[in-house]
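Structure follows, in structure tokens:
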């Protein structure tokens, strides 16, 4: 099980990483093993991870393409 958080500031204000981290901390019961954040402009995403099968860093999220143009 993992946890996903995110928000978008409609007023255009830049997303705040500290807010994302606080949001993700509320979901550590869903994934205490790893976490990550992503911000671009007014969009912010966060993720918590429970590592059961894939213990490598290949499962670290959010996933970002090599060219940096897409994030999942």
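Residue numbers (the numbering used here): 473 to 544. All C-beta atoms in this analysis are idealised placements derived from N, C-alpha and C, irrespective of residue type, glycine included.
May I ask you to report which of helix, strand or coil DSSP gives residue i?
| i | result |
| --- | --- |
| residue 507 | strand |
| residue 515 | strand |
To which residues does DSSP link residue i through a beta bridge?
| i | result |
| --- | --- |
| residue 475 | 520 |
| residue 543 | 536 |
Hey, how far is the Cα of residue i from the Cα of residue j?
| i | j | result |
| --- | --- | --- |
| residue 541 | residue 507 | 21 Å |
| residue 500 | residue 494 | 10 Å |
| residue 489 | residue 480 | 12 Å |
| residue 460 | residue 525 | The question about residue 460 has no answer, for the chain in this structure spans 473 to 544. |
| residue 502 | residue 483 | 31 Å |
| residue 491 | residue 510 | 12 Å |
The region 514-523 contacting the region 475-487, beta-carbon criterion three pairs below 8 Å: yes
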